[in-house]
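Worksheet: one structure, shown below.
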Amino acid sequence: MLTVALLLASLAALLHVYIFVLESFAWDTPRGRATFGTTREQAQATKELAYNQGFYNLFLALATAIGVILVATGTGPAGAGRTLIYAGAGSMLLAAVVLVTKNPAMARAATVQGALPALALGFLTLALLMP
Numbered sequence: 001m002l003t004v005a006l007l008l009a010s011l012a013a014l015l016h017v018y019i020f021v022l023e024s025f026a027w028d029t030p031r032g033r034a035t036f037g038t039t040r041e042q043a044q045a046t047k048e049l050a051y052n053q054g055f056y057n058l059f060l061a062l063a064t065a066i067g068v069i070l071v072a073t074g075t076g077p078a079g080a081g082r083t084l085i086y087a088g089a090g091s092m093l094l095a096a097v098v099l100v101t102k103n104p105a106m107a108r109a110a111t112v113q114g115a116l117p118a119l120a121l122g123f124l125t126l127a128l129l130m131p
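Under full-length UniProt numbering, residue 131 is the last one in the sequence shown; the count climbs by one each step, no gaps.
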């Protein structure tokens, strides 16, 4: 269970690094606009906000990845790795919930954003409850 949790958390982190690249560096490109459903004008008007939001996603990915490394290697203070995974992946999941509750039309995007973190958290919790 723990191995599955770490794999899913790693995939969630990688996805959020990809989202970081799209938001911070490709926001106003055809690929970025198609991904986020914005017009050229909307992308230009929100480029600075997206840049900042992208870094937020990068930091969540880094926290999660560092947590995975700490758990996988058994290093760091007891529980530190698990705490980082819960904080990083939990924030990813809650951001997806906020997205879909604010705009139900974004359900697909919220599912993409939140499925891996949700599964990672579920498997991590099971691994802790059933050692």
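Backbone N, C-alpha and C define an ideal beta-carbon position, used for all residues, glycine too.
Pick from the options that is closest to residue i, judged by C-alpha positions
i    : options              : result
L60  : M130, G122, M106, A9 : A9
E48  : G37, G88, D28        : D28
G114 : V4, L6, A13          : A13
L81  : N103, G37, A63, P104 : The sequence given here places Gly at residue 81; Leu does not occur at that position. Nearest of N103, G37, A63, P104 to G81, Cα basis: A63.
L58  : Q42, E41, F25        : F25
L6   : M106, V71, G90       : V71
Own chain residues within Cβ distance below 6 Å of residue i, not counting five before or after
i   : result
E23 : A50, Q53, G54
A2  : Note that residue 2 is Leu in the sequence shown here, rather than Ala. The residues are A127.
Residue span of the alpha helix (DSSP H) that contains residue i, given as start and end
i    : result
N52  : 40-73
P104 : Segment: none, P104 is in no alpha helix (DSSP H) and carries neither H nor E.
T29  : Unbroken run through T29: none, as it is neither H nor E.
Other residues of its chain near residue i: CB distance less than 7 Å, five sequence neighbours each side excluded
i    : result
L119 : L8
Neighbour-count burial assignment, residue i, 16 or more Cβ in a 10 Å radius
i    : result
P117 : buried
Y86  : buried
| Do the stretch 14-33 and the stretch 66-73 make contact, defined as three or more Cβ pairs closer than 8 Å? | The count of Cβ pairs closer than 8 Å, one atom from the stretch 14-33 and one from the stretch 66-73, stays below three, leaving the stretches out of contact.
| request: State whether the stretch 102-120 contacts the stretch 71-80, with contact taken as three or more CB pairs (one from each stretch) at a distance under 8 Å. | output: Contact between the stretch 102-120 and the stretch 71-80 is absent: fewer than three C-beta pairs spanning the two stretches fall below 8 Å.
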